[in-house]
């Protein structure tokens, strides 16, 4: 029978402190990038009114809640933020503020992309490490005598999974609406806004679904539905924006 570690175990306590530092750092990075993106997005022509909002939303909850699952959502947002840097026409989560202001190309553009990729990779690595602080009593293992980690952080993965499902379905509806705008009037500014809104919601839904699905949760079907709907809706939004040019 494997033993359960004490919640006062010094290694676990240190891990909780490291998670707290990681969450605060990640949260502030997302909030700072979100503010920067939003300021640039609303000062360009055409306007991109929702570009920075996903970063602000996920960054805020990452900062105040400290759920490891939100690190996965942060990682996916940062990874998707690479797309507008390389393909400005796909202005979901964009336009990239650095590229927009400086018009960098070549090696400078690769540096911008590389920084985002490293931040995304680091956030996902931290998620995979710290998700065990939810507790491992329900986790399967090839080592039956491996000590069980007790719950060290609040587990909101059920709530995040339901949020992912709802947001993903709304994103899918917005994506279909954007497709309707594209068919009816490709020149309509409303079509671009709806497509960007669909993509922004889709990115949030996919991120929350990813984090919740790979955390201890009783709502894994909801998380997977949110993840799937989010990814499909993101691709649909990207298709519409590419057709709009």
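Residue numbers (our numbering): 211 to 455.
Where a beta carbon is used, it is the ideal one built from N, C-alpha and C, also for glycine.
Check your understanding: Under the rule that 16 or more other beta-carbon atoms within 10 Å means buried, what is residue 409, buried or exposed?
Key -> Here residue 409 corresponds to residue number 199 of the chain shown, with the count starting at 1. Counting every other CB atom within 10 Å of its CB across the protein chains shown gives residue 409 a total of 16 or more, marking it as buried.
Exercise for review: Compare the beta carbon distance of residue 293 and residue 448 with 9 Å and say whether it is the shorter of the two.
Suggested key: In the chain shown, the residue the question calls residue 293 occupies position 83. In the chain shown, the residue the question calls residue 448 occupies position 238. In this structure, residue 448 lies closer than 9 Å to residue 293 by Cβ.
Exercise for review: Evaluate contact between the region 396-403 and the region 331-344, counting only Cβ atoms and requiring at least three cross-stretch pairs below 8 Å.
Suggested key: Result no; under three Cβ-Cβ pairs closer than 8 Å.
Exercise for review: At 4 residues or longer, and completely inside the region 356-414: list those alpha helix (DSSP H) runs for me, N to C.
Suggested key: Correct list: 367-394.
Check your understanding: Quick one: what does DSSP say residue 214 is sitting in, helix, strand or coil?
Key -> To locate residue 214, count along the chain shown from 1; it is residue 4. Taken through DSSP and simplified to helix, strand or coil, residue 214 comes out as strand.
**Study point:** Selection from 361, 266 and 443 that minimises the alpha carbon distance to residue 245
**Key:** Looking up residue 245 in the chain shown gives position 35. Nearest option by C-alpha distance: 266.
Check your understanding: Using DSSP with H/G/I as helix, E/B as strand and the rest coil, what is residue 311?
Key -> Numbered from its first residue, the chain shown carries residue 311 at position 101. It is helical.
Check your understanding: Run through DSSP, which three-state label would residue 348 get?
Key -> Locating residue 348 in the chain shown gives position 138, counting from the first residue. In this structure, residue 348 counts as coil in the three-state DSSP scheme.
Review point. Would DSSP call residue 226 helix, strand or coil?
Key: In the chain shown, counting from the first residue as 1, residue 226 sits at position 16. Note: residue 226 maps to helix in three-state DSSP.
**Study point:** Proximity to residue 299 [Cα-Cα], best of 343, 258 and 385
**Key:** Within the chain shown, residue 299 is the residue found at index 89, counting from 1. Checking every option, the nearest Cα to that of residue 299 belongs to 258.
Check your understanding: Can you check whether the CB of residue 421 is closer than 9 Å to the CB of residue 375?
Key -> Along the chain shown, read from residue 1 onward, the residue named residue 375 stands at position 165. Along the chain shown, read from residue 1 onward, the residue named residue 421 stands at position 211. Their beta carbons are not under 9 Å apart, which means residue 375 does not touch residue 421 by this criterion.
Check your understanding: Is there contact here, the region 314-324 with the region 274-286, by at least three beta-carbon pairs under 8 Å?
Key -> In short, these stretches do not touch, since the Cβ pair count stays below three.
Check your understanding: Among 305, 224 and 268, which has the Cα closest to the Cα of residue 240?
Key -> Position 30 of the chain shown, counted from the first residue, corresponds to residue 240. The residue among 305, 224 and 268 with its C-alpha nearest the C-alpha of residue 240 is 268.
Check your understanding: Among residues of its own chain, excluding the 5 on either side of residue 434, which ones have a beta-carbon nearer than 8 Å to its beta-carbon?
Key -> Residue mapping note: residue 434 aligns to position 224 of the chain shown, counting from 1. Excluding positions up to five away in sequence, the list reads 419 and 423.
Exercise for review: Could you check the C-alpha separation between residue 328 and residue 237 for me, to the nearest Å?
Suggested key: In the chain shown, counting from the first residue as 1, residue 328 sits at position 118. In the chain shown, counting from the first residue as 1, residue 237 sits at position 27. If you take the alpha carbons of residue 328 and residue 237, they lie about 16 Å apart.
Review point. Could you check where the alpha helix (DSSP H) with residue 331 kicks off and where it finishes?
Key: Position 121 of the chain shown, counted from the start, is the residue given in the question as residue 331. Per DSSP, residue 331 belongs to the alpha helix (DSSP H) from 316-340.
Exercise for review: Kindly indicate which three-state DSSP category residue 424 falls into: helix, strand or coil?
Suggested key: The count along the chain shown starts at 1 and reaches residue 424 at position 214. Assignment of residue 424 by DSSP, reduced to helix, strand and coil, places it in the coil class.
Check your understanding: Does the separation of the CB atoms of residue 406 and residue 260 fall below 9 Å?
Key -> As a working note, residue 406 is residue 196 in the chain shown. As a working note, residue 260 is residue 50 in the chain shown. Yes. Within cutoff.
**Study point:** CA-to-CA distance, residue 348 to residue 251, given in whole angstroms
**Key:** Walking along the chain shown from the start, residue 251 turns up at place 41. Walking along the chain shown from the start, residue 348 turns up at place 138. Residue 251 and residue 348: Cα-Cα distance of roughly 44 Å.
**Study point:** Selected residue, minimal CA-CA separation from residue 312, among 367, 380, 231 and 295
**Key:** Here the question's residue 312 lines up with position 102 in the chain shown. Selected option, being the one with the closest Cα: 295.
Point to revise | Inter-residue spacing [alpha-carbon to alpha-carbon] between residue 344 and residue 217 | key: On the chain shown, residue 344 is found 134 positions in, with the first residue counted as 1. On the chain shown, residue 217 is found 7 positions in, with the first residue counted as 1. One C-alpha to the other measures close to 12 Å.
**Study point:** Cβ neighbours of residue 391 in the same chain (closer than 7 Å, five flanking residues each side left out)
**Key:** By 1-based counting over the chain shown, the position of residue 391 is 181. If we look at residue 391 and ignore the five residues flanking it on each side, its Cβ neighbours are 398, 400, 401 and 404.
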